[in-house]
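Working notes, structure below.
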Amino acid sequence: MPNHLGPFPVTRSEVFRSKKDSTFEIDLGQGQQIVVKTRKDWVTVKMIKMKQRGFKNSRGMMGDFTTGAMLARDGKTVLKDPNAFGQEWQVRQDDPQLFGTVLSPQYPEQCIMPSLPSSTGRRLGESSVSEDEAKLACGSLQGQSYANCVFDVVHSGDLEIAEFYEQF
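Under UniProt numbering, the letters of the sequence shown match residues 1 to 168, in that order.
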């Protein structure tokens with residue numbers, strides 16, 4: 001990745017345990033920053049000290065700047081289902097392209113949703129993560145972050161996802 005995104009400097013660091021674990025900090029100036037963290041194919045985006053003046057009319061996967069509402073491309077329709085919201089914002093042919101390689105699926109073909117772990121496919125000796133284990137792993141978090149962490153840990157079957165939440 002280049003060390004600039006447009007005019008903005010980008011810093012990359014690997015702060016976790018593998019090459020799939022990275023942090024990208026995009027400095028927008030005046031203390032404003034976008035921090036993108038990846039961990040085991042999971043992505044989290046955090047906006048720091050953003051000013052409404054520069055972002056009030058922004059659109060896309062981050063939702064409405066003021067309310068956080070998941071708005072469709074028309075800027076008016078509020079979507080409640082996160083999967084429908086993601087499909088709505090799938091990159092289209094007339095959108096600016098960020099990557100040099102085009103991978104499948106491409107619009108109008110819908111994105112492929114991940115499947116949830118199934119207990120029927122487990123090998124003897126393996127166990128999935130229980131809700132109690134997830135609650136314990138996510139115990140340092142509060143509110144919606146806690147609820148999201150528990151959900152993600154249980155459905156991914158991976159206790160290390162809780163560490164990702166704690167780092168953010």
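Glycine residues also receive a C-beta, built at the ideal position from the N, C-alpha and C atoms. All figures in this text were calculated on a predicted structure; none of them were measured in a lab.
Start-to-end residues for the beta strand (DSSP E) that takes in residue i
i     : result
Ile26 : 22–29
Exposure label - residue i; buried when at least 16 CB within 10 Å
i           : result
Ala84       : exposed
Leu103      : exposed
Val43       : exposed
Val78       : exposed
Leu124      : Its pLDDT being 42, under 50, Leu124 is placed unreliably in this model, and the coordinates cannot settle the point.
Glu126      : Only weak support exists for where Glu126 lies, its pLDDT of 49 falling under 50; the value from the coordinates is given anyway. Under this definition Glu126 is an exposed residue.
Arg92       : exposed
Leu136      : exposed
Ala69       : exposed
Asp21       : buried
Gln106      : exposed
Ile161      : buried
Phe8        : exposed
Lys37       : buried
Leu98       : exposed
Thr120      : Caution applies to Thr120, whose pLDDT of 47 falls short of 50 and renders its modelled position unreliable; the value that the coordinates give is listed next. Answer is exposed; the Cβ neighbour count stays below 16.
residue 174 : Lying before the first or after the last residue shown, residue 174 is absent from the chain, which here runs from 1 to 168.
Ala134      : buried
Asp158      : buried
Ser156      : buried
Arg122      : Its pLDDT being 49, under 50, Arg122 is placed unreliably by the model, and the measurement read from it follows with that caveat. Counting Cβ neighbours within 10 Å, Arg122 comes out exposed, since fewer than 16 surround it.
Presumed contact (8 Å Cβ cut-off) between residue i and residue j, rounded CB distance
i      : j      : result
Ile26  : Val10  : 5 Å
Ile48  : Gln33  : 4 Å
Val150 : Cys138 : 5 Å
Arg12  : Phe164 : Not confirmed; about 17 Å, so no contact.
Thr66  : Lys56  : 7 Å
Where the alpha helix (DSSP H) containing residue i begins and where it ends
i      : result
Ser104 : Note, Ser104: premise wrong, no alpha helix (DSSP H); not H, not E.
Ile161 : 161–167
Lys135 : 131–137
Asp152 : 143–156
Those residues which DSSP pairs with residue i across a bridge
i     : result
His4  : Pro9
Thr38 : Ser22, Val43
Val78 : Leu71
Ile48 : Gln33
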